[in-house]
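Count along the sequence shown starting at 1, add 88, and that's the number in our numbering.
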Amino acid sequence: MIRRFSPRRGAVVLALAALAACDSPVESPEQQPEDLAAMVEALGFRGDMVQDFGDYVVVEGDIRIPKAQLLAAQPRPAGDAMGPRFHYRTFNLVGSPKVHQVRVDLSGLNGNPDWQNAAREAIAHWNALPHSYVHMEEGASPDIVVVANCGLGSGTAGRATWPSGGNPGPTIEANPCFSSNHAQRVRNMVHEFGHTLGLRHTNWQSRGESAGSEGAVHIVATPTGKDNASVMNGGTAGESWAGFSYNDIWAVWGLYPIPDPAVTVTYTASGDPIVSWTPVFGALSYTVRRTVWISGHDEFGSFNAIGERGAFTNASSPYVDTGWPYTGVSVCEYNNAPNDYLVNGYGYRVEAVFANGYGTGSAGAATAVC
Ligand SMILES: [Zn+2]
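In structure tokens form, the structure reads like this:
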């Protein structure tokens, strides 16, 4: 495989999440190509390898970025009186696959059904986060115990502990004596679960909080401007649940992405590719895609794309593909110097499919017909 087509794994997702930045949804789908290139470059990707698919772009061959994300990533205006509200995490995070099987005990809220319902709803919101590997459910041998505590004071709706030893913070206290409605309780519970996963207040500095021994590491997925919409802003116990912000989603994606399967390709004696991959805990199914990575340039500029030559859902490893025989060649190069250059890399992508997204791994295959 030529380097620019080299399969990309989880690090790419992390890198993407680490570089994307936004503040709030922007409804402005019409952009000129040169603007797209500049926005992609602002995120740290190659501006000359952008492919426009309408509501999203693909950069560097296989990294998909929604246009709304690109638009929202533009720099904030100067003179922001509220100061930075980046997303921050503690030193400690929850391990994998623990973060996908977090058990929560809500029985401590049996006497406070309003808060118990809010906590249940908060868990459902966390589980529905796109691209996130975070999954919580109620069950025995809990990792997180949620209890009621009227002693937190009239201005505090909840409190939570930080992760340690690869486990989530073990305790959340909800204050049933805090005057609140359902939407406020849901927001507070979503926020407290965020702390148990290692998310700090986005505005911890302006609130005068100390980084402390737990640390305050900037999640570079998040913007260089404030994020008023983040559920992880502190001092907001009176706010109502209005969903995760874009930055919340990207921060959690960066911290806890759905894992990517590691893919290898071998061949049967008769020359059929055998696609194998490492299992990803919790995957609902796997999809195998025959893939051609296409790139090149001509007198008009550079281009690249991904072509699909067939997809196989509900596949299991090892998957023998009887329809794409071994040729001994994995890359086709067409070089008509000086203006026309095209190279096609052949291989497979395997998606580990989850209800809220998928992880993807790739490997080259000697199935090219040039
Ligand atoms: Zn908090």
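Each residue gets a CB set at the ideal place from its N, CA and C atoms; glycine is no exception.
Give a yes or no on whether 7 Å exceeds the smallest Cβ distance from residue i to chain B.
i	result
L197	The chain labelled as chain B is not found in the depicted structure, where only one protein chain is given.
On the three-state DSSP scale, how would you describe residue i?
i	result
N263	coil
M320	coil
I307	coil
G400	The sequence as given places Phe at residue 400; Gly does not occur at that position. In this structure, F400 counts as strand in the three-state DSSP scheme.
V438	strand
H175	coil
P349	coil
A207	helix
E280	helix
V457	coil
W341	helix
Y414	coil
G445	strand
Y355	strand
P273	Correcting the residue identity first, residue 273 is Arg in this sequence and not Pro. The answer is helix: DSSP assigns R273 an H, G or I state.
G246	strand
D360	coil
A216	coil
H385	strand
For ligand 1, is there a heavy atom less than 6 Å away from the beta-carbon of residue i?
i	result
G452	no
G322	yes
For residue i, count neighbouring C-beta atoms within 10 Å of its own C-beta (all shown protein chains included) and say buried if the count is 16 or more, exposed if not.
i	result
L372	exposed
F266	buried
V457	exposed
V417	exposed
D409	buried
S268	buried
E225	exposed
A210	buried
T310	buried
Should residue i and residue j be called a contact, given that it needs their Cβ atoms to be closer than 7 Å?
i	j	result
V431	S383	yes
V363	V353	yes
A206	V308	no
A271	I260	no
V351	D336	no
G227	R191	yes
Y221	I346	yes
P349	T375	no
A453	Y434	yes
R378	W412	yes
T290	G257	no
R288	A262	no
G183	G282	no
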